[in-house]
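Chains as they are written, first to last, in my numbering: chain A, 843 to 1055; chain B, 843 to 1055.
Quick reminder that beta carbons are idealized off the backbone N, C-alpha and C, glycines included.
Predicted, not measured: the structure shown is a model, and the values here were computed from it.
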DNA sequence: CACATTGGATAGTTTCAGTATCCAGTCGAG
DNA sequence: CTCGACTGGATACTGAAACTATCCAATGTG
């Protein structure tokens, strides 16, 4: 298909398609002449993915990096996933901690409490630390009770994620992990917001069953 | 305390404090003269909250609206919470659906499947729809299996959230609900990312216990 | 009294994410 | 063949957002 059709199918304006092409977010079509190129389904899908990531508020350079990792994963699943997660908010100013000493005290306390295995150099540790610090600074409490419950359920979600991960090829696994992390998060957030309403409504109706799971 | 101390305690640059003051994100201090004002703990905390929200990528007008709702909630818990959630991404272009007819097909299918009570006019329904549509456009699958599991665990998280909600005053409840939705989300996201690593590691070690919870 | 600090106003900067314009080569209907 | 529409490619422009910097006159302080 030509550009005009790509534009029609995705709803992305031509100027923006050209912009993404320039920025390297969309691979160029197969040139058939100096002023013509052929685009395929992969371009439609890629544009959808870029839209999803951009819609989540990711800056272009971060999207480019994620796409690069998906297209050319260089390293183990963990390495690539770590690099990809570093492109997701919350962004850390300090990219790496030299020694794992007293870095991330809050996050480490939480993870130790939950008995979780973790690599202290993993980006998400810093991200958790930052989220917890933000909580603290804003004067919002994080009790052990809440923490344990979150830990339990989040782990359940992670089990599903890992359980459904394709194991055939490493590339598939990486692609799945990188995109799954970024793209399922808004779904989970929206579901939580809706569950709040559901739980609150049902409790109002049957206030006696106020057991906290 | 004076501005300089507020700056020192929060780490927010003076120019930025003034900017937040201008934008109405920070309440003015108690003026003691034409060139002096007194700030208190509430200012420190507010600045922390603004930092947390801004750090999550929320635009200033949205933060202002959230703060307004927290400070002067006008309406029921559900109404206020709905308004607050509308300030959180993913942002919807179409603010309201006139009739609840075929609006949000994906989200409704999911919620019906989970047997959840929901108000079709609730913002989060549209947000879920959008997140699911983004998934689809990007060619990423959302199976029923994953959905059911997510639903179960997200519900568990919501039970905790609601269970720990203060019930003494309506204002407290609103404040808790609004901030809890916005501020705990990054924590949950970070925990999920870390749980992925933990689950994957442990599975590699004991591949036999691959039960998906 | 001198000097740093402050509130308040205004202007400037940077980054980001597109849009718009131009151009020259090419395709395709008549 | 021809003429107008469509393309790829390059460059310039725009508008919003979030700070950041500068100035000023009033004030508090040692």
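Contact with chain A by residue i, beta-carbon distance below 8 Å
{"i": "residue 903 of chain B", "result": "no"}
{"i": "residue 855 of chain B", "result": "no"}
{"i": "residue 925 of chain B", "result": "no"}
{"i": "residue 1046 of chain B", "result": "no"}
{"i": "residue 891 of chain B", "result": "yes"}
{"i": "residue 859 of chain B", "result": "no"}
{"i": "residue 947 of chain B", "result": "no"}
{"i": "residue 950 of chain B", "result": "no"}
Residue i at chain B interface by Cβ criterion, 8 Å
{"i": "residue 874 of chain A", "result": "no"}
{"i": "residue 1042 of chain A", "result": "yes"}
{"i": "residue 794 of chain A", "result": "What is shown of chain A runs 843 to 1055, which leaves residue 794 of chain A out entirely."}
{"i": "residue 847 of chain A", "result": "no"}
{"i": "residue 1037 of chain A", "result": "yes"}
{"i": "residue 850 of chain A", "result": "no"}
{"i": "residue 973 of chain A", "result": "yes"}
{"i": "residue 882 of chain A", "result": "no"}
{"i": "residue 963 of chain A", "result": "no"}
Contacting residues, own chain, Cβ-Cβ under 8 Å from residue i (five flanking each side not counted)
{"i": "residue 1061 of chain B", "result": "With chain B covering 843 to 1055 only, the question about residue 1061 of chain B has no answer from this structure."}
{"i": "residue 870 of chain B", "result": "863, 879"}
{"i": "residue 846 of chain A", "result": "856"}
{"i": "residue 990 of chain A", "result": "955, 956"}
{"i": "residue 973 of chain A", "result": "932"}
{"i": "residue 949 of chain B", "result": "967, 968, 970, 971, 974"}
Chain-order list of residues whose beta-carbon lies under 7 Å from that of residue i (same chain, five-residue window excluded)
{"i": "residue 894 of chain A", "result": "1025"}
{"i": "residue 1003 of chain A", "result": "1022"}
{"i": "residue 1038 of chain A", "result": "none"}
{"i": "residue 953 of chain A", "result": "960"}
{"i": "residue 947 of chain A", "result": "none"}
Neighbourhood of residue i by C-beta, 6 Å cutoff - its chain only, sequence neighbours within 5 removed
{"i": "residue 929 of chain B", "result": "904, 907, 908"}
{"i": "residue 922 of chain B", "result": "911, 915, 1016"}
As assigned by DSSP and simplified to three states, the class of residue i
{"i": "residue 875 of chain A", "result": "strand"}
{"i": "residue 995 of chain A", "result": "helix"}
{"i": "residue 1028 of chain B", "result": "helix"}
{"i": "residue 857 of chain A", "result": "helix"}
{"i": "residue 982 of chain A", "result": "coil"}
{"i": "residue 958 of chain A", "result": "coil"}
{"i": "residue 1043 of chain A", "result": "helix"}
{"i": "residue 903 of chain A", "result": "helix"}
{"i": "residue 944 of chain B", "result": "coil"}
{"i": "residue 916 of chain B", "result": "coil"}
Opposing strand residues paired with residue i [DSSP bridges]
{"i": "residue 821 of chain B", "result": "Residue 821 of chain B cannot be examined here, being either before or after the span of chain B that is shown, 843 to 1055."}
Interface residues of the region 992-1024 of chain A facing chain B [CB-CB below 9 Å]: 992, 993, 994, 995, 996, 997, 998, 999, 1000, 1001, 1002, 1003, 1004, 1005, 1006, 1007, 1018, 1019, 1021, 1022, 1023
Near-chain B residues of the region 1024-1035 of chain A - C-beta to any C-beta below 8 Å: 1025, 1026, 1027, 1028, 1029, 1030, 1031, 1032, 1033, 1034, 1035
Contact residues within the region 904-922 of chain B, judged by C-beta distance below 8 Å to chain A: Along the region 904-922 of chain B, going in chain order, the ones with a CB nearer than 8 Å to a CB of chain A are 919, 920.
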